[in-house]
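Report on one structure; see the data block that follows.
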Amino acid sequence: MTKKKEPSTILERLSKRGFPLSQLYEARGNAYTGPLADLILASEQIMAQSMEPWSFKSLAQNGREEFIRTGQIYEFDKWERDAQRSFAECVGRYIYYEEAEGLLFFVRDGSEKFRVAQPGDDAYDFVRRLNKEGSVSDLRFAKAPTWAEELFLGRENLEAYQLIWFDNSGADYEAARKLKSDTVIRETLRRMGKVTGLPRVNDGVDLASAIPPAVMGQARINHELASVIDSSDIRKAVTVTLPHMTQALAAIFEIMRDNWTNYDPRRLPKQVNIAREIDAALGRGNKGDLNFDPSRDAKAIAKIIKPDNIGDPE
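If you count by our numbering, then the sequence shown holds residues 121 to 434, one letter each, in order.
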């Protein structure tokens, strides 16, 4: 029996859930929501475009393709809000990982050739400031901004980054596991020196040679600084390696970022409201209706994602 094809674009997912597509056609006449409606309606073309070979791709284009593949709209009567948030997250996704994890952004120079972005490039300085201020998760827009059109990803760098940091799927799994293992052993050897019984790493793997000297030098500085930071100071950002990412987990992580990034200790997010957000994101219970008590599962998840260093906000 032929396996039924799962929806692969946001338009297909919306259609399967019974979303009234007439809302999208009506929104095309609105100056603000029109670009977002056009983007969703062009799902098929953008999906086909995402499959084509590429060397450099702007954050805006990559975000549009990610939005078509993974974007979610949970509440039909507020589809614009959900779509703006989801699209902005897709466009700004890699800002979190730039520099500290070896991911590079590129810009076009005066001759339209690509070079690594650096301080002094307006778009690059802007996203660095967004990251430093923790404002990336607050982005909301219906059309990709200028900085996203001016900053590019390089395919080979992106694939290397994904291989090392989070792509554990398909034929690359063993290669990724080996590279990660070698990296851990190299760092252990650096910290401990020669200790009897420590395994040897693959001397043929030389990641440093592929990184520009200036970037590598800064990476070494960042690494040395990270080595002396007490673990209690790393609550603001952590890197977690997972065997895979589900839509439910992605929704929970987004809610966690929205509520617990740069929170005000004097006005802590309410657990009951977070639980309602979780119900809405997962399509459970009364979809976050303020007149109803959230589900027990949502309450449990809300408690799990609450920082350990605070009490039990209501």
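Where is the CB? At the ideal position from N, CA and C, for every residue including glycine.
Q: Quick one: using the 10 Å Cβ neighbour count with 16 as the cut-off for buried, is Y194 buried or exposed?
A: buried
Q. Would the segment 196-203 and the segment 211-218 be scored as touching if the rule is three or more Cβ pairs under 8 Å?
A. no
Q. From which residue to which residue does the beta strand (DSSP E) around F226 run?
A. F226 to R228
Q. Across which residues does DSSP place E186 in a beta bridge pair?
A. According to DSSP, E186 bridges with nothing at all.
Q | Contact check, V247 vs L271, beta carbons under 8 Å | A | yes
Q: Apply the 10 Å Cβ neighbour rule to F207 and answer buried if 16 or more other Cβ atoms are within range, or exposed otherwise.
A: buried
Q. What is the DSSP secondary structure of E132, reduced to helix, strand or coil?
A. helix
Q. In whole angstroms, what separates the C-alpha of S257 from that of A157?
A. 22 Å
Q.
Measuring straight from C-alpha to C-alpha, what distance separates L131 and I305?
A. 45 Å
Q. To the nearest whole angstrom, what separates the beta carbons of R184 and I166, a pair I think is in contact under 8 Å?
A. 6 Å
Q | Of the residues I188, I430, F226 and D241, the one placed nearest L388, counting alpha carbons only | A | I430
Q: Determine the DSSP secondary structure at G254, reduced to helix, strand or coil.
A: coil
**Q.** Rounded separation between G191 and E232 - CA only
**A.** 31 Å
Q) Between F226 and R235, which are expected to be in contact by the criterion C-beta below 8 Å, what is the C-beta distance as a whole number of angstroms? A) 7 Å
Q. What whole-angstrom Cβ distance do I486 and K298 have, given they're in contact under 8 Å?
A. Here the chain covers residues 121 to 434 and nothing more, so residue 486 does not appear.
Q | Cβ distance (whole Å) where D399 is taken to contact P385 below 8 Å | A | The Cβ separation is near 26 Å, so there is no contact.
Q) Looking at C-alpha atoms only, which residue of L134, R133, L224 and F261 is the closest neighbour of Q282? A) L224
Q: Could you check how far apart the C-beta atoms of G254 and N150 are, in whole angstroms? I think they sit under 8 Å.
A: Contact doesn't hold; Cβ gap of about 31 Å is too wide.
**Q.** CB contact flag (V211, A180, <8 Å)
**A.** yes
(Q) By the three-class DSSP mapping on this structure, what secondary structure does F261 have? (A) coil
Q. Mind checking whether E200 and T153 have CB atoms under 8 Å apart?
A. yes
Q. Can you name the residues that DSSP bridges to V236?
A. F226
Q. Which same chain residues, not among the five before or five after S175, have their C-beta less than 6 Å away from its C-beta?
A. R275
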